[in-house]
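**Q** What follows is a single structure, and I will ask about it in a moment.
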Amino acid sequence: AQKVTQAQTEISVVEKEDVTLDCVYETRDTTYYLFWYKQPPSGELVFLIRRNSFDEQNEISGRYSWNFQKSTSSFNFTITASQVVDSAVYFCALSLNYGGATNKLIFGTGTLLAVQP
Amino acid sequence: EAGVTQSPTHLIKTRGQQVTLRCSPISGHTSVYWYQQALGLGLQFLLWYDEGEERNRGNFPPRFSGRQFPNYSSELNVNALELEDSALYLCASSWGRGPYNEQFFGPGTRLTVL
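See the structure below:
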């Protein structure tokens, strides 16, 4: 079965704190793709990053960084020096390579991040 | 470049009615996806259209249907509305068919069924 688990339902931090959002996935496929999306109060999902299963390099983009570890089936997301504008629901998602036959994103339940000023 | 657009923004219907939601993808994108985000159920995949054809369908009853037009815009139709259909319906688009393609989402249509 394919599944994405985001065990942290809600996280509250104070501005400038670092925060890590956890994502654990399950799949038997050897080729798959992982995504992170941000959903601010406006409701629109904003694409943040895609990672391929065969590329375990970590990535940094400004205050955002992602740690992909196949050994633990995790794809965690860290925000450094959080800001109030980071307040949103963050979703981790999995897409499988069935030769393009499905293309559906399997989402975790999301983590609500509240950054207090 | 314009993003994915959806209409209407909000909709209120009563049980048993029918509703049509509309989506325009990003220019150049051929694939359109529909997701339902209902309270307590998370984001669930509904439908995928590419090049005018339905390519995949999520675990939803047949009263959820749709189509994709030659200009790649799409409609989602829901017949015989039920209370549990109340949700935010999100449309996304991507370039090409690969599962590795990023899906870019619209602002959603919030449907309330009374």
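In order, the protein sequence lines correspond to chains Y and V.
Just so we're aligned: the first sequence equals residues 25 to 141 in the working numbering.
Just so we're aligned: the second sequence equals residues 9 to 122 in the working numbering.
Even glycine gets a Cβ: it sits at the ideal position worked out from N, Cα and C.
In this text, all values refer to a predicted model and were calculated from it rather than measured experimentally.
(1) Residues of chain Y with CB under 8 Å from Gly116/V, in chain order?
(2) Quick one: give me the first and last residue of the beta strand (DSSP E) that Phe92/Y is part of.
(3) Is Tyr57/Y close to chain V? Criterion is C-beta to C-beta, closer than 8 Å.
(4) Quick check on Glu110/V - is its C-beta less than 8 Å from some C-beta in chain Y?
(5) Output the boundary residues of the beta strand (DSSP E) element that contains Gly114/V.
(6) Is Lys40/Y closer than 8 Å to Tyr114/Y when the C-beta atoms are compared?
(7) Are the segment 87 to 96 of chain V and the segment 39 to 52 of chain V touching, with three or more C-beta to C-beta distances below 8 Å?
(8) Taking 8 Å as the cut-off, does the segment 23 to 37 of chain V touch the segment 90 to 105 of chain Y (at least 3 CB pairs, one atom from each stretch)?
(9) In the DSSP assignment, what residue or residues form a beta bridge with Tyr43/V?
**A** To lay it out plainly:
(1) Counting from 1 along the second sequence, the entry for residue 116/V is found at position 108. Chain Y residues near Gly116/V: Gly67, Glu68.
(2) Within the first sequence, residue 92/Y is the residue found at index 68, counting from 1. 88 to 93 is the span of the beta strand (DSSP E), which, as asked, contains Phe92/Y.
(3) Your numbering for residue 57/Y matches position 33 in the first sequence. Taking Cβ atoms only, chain V reaches closer than 8 Å to Tyr57/Y, which makes this a yes.
(4) Taking the first residue of the second sequence as 1, we reach residue 110/V at position 102. So, interface residue.
(5) By one-based count along the second sequence, residue 114/V stands at place 106. Note, Gly114/V: premise wrong, no beta strand (DSSP E); not H, not E.
(6) Here residue 114/Y is taken as the residue at index 90 of the first sequence, counted from 1. Here residue 40/Y is taken as the residue at index 16 of the first sequence, counted from 1. Cβ distance not < 8 Å, so Tyr114/Y and Lys40/Y don't count as in contact.
(7) yes
(8) no
(9) The residue given as residue 43/V occupies position 35 in the second sequence. Phe53/V, Leu98/V, per the DSSP bridge assignment.
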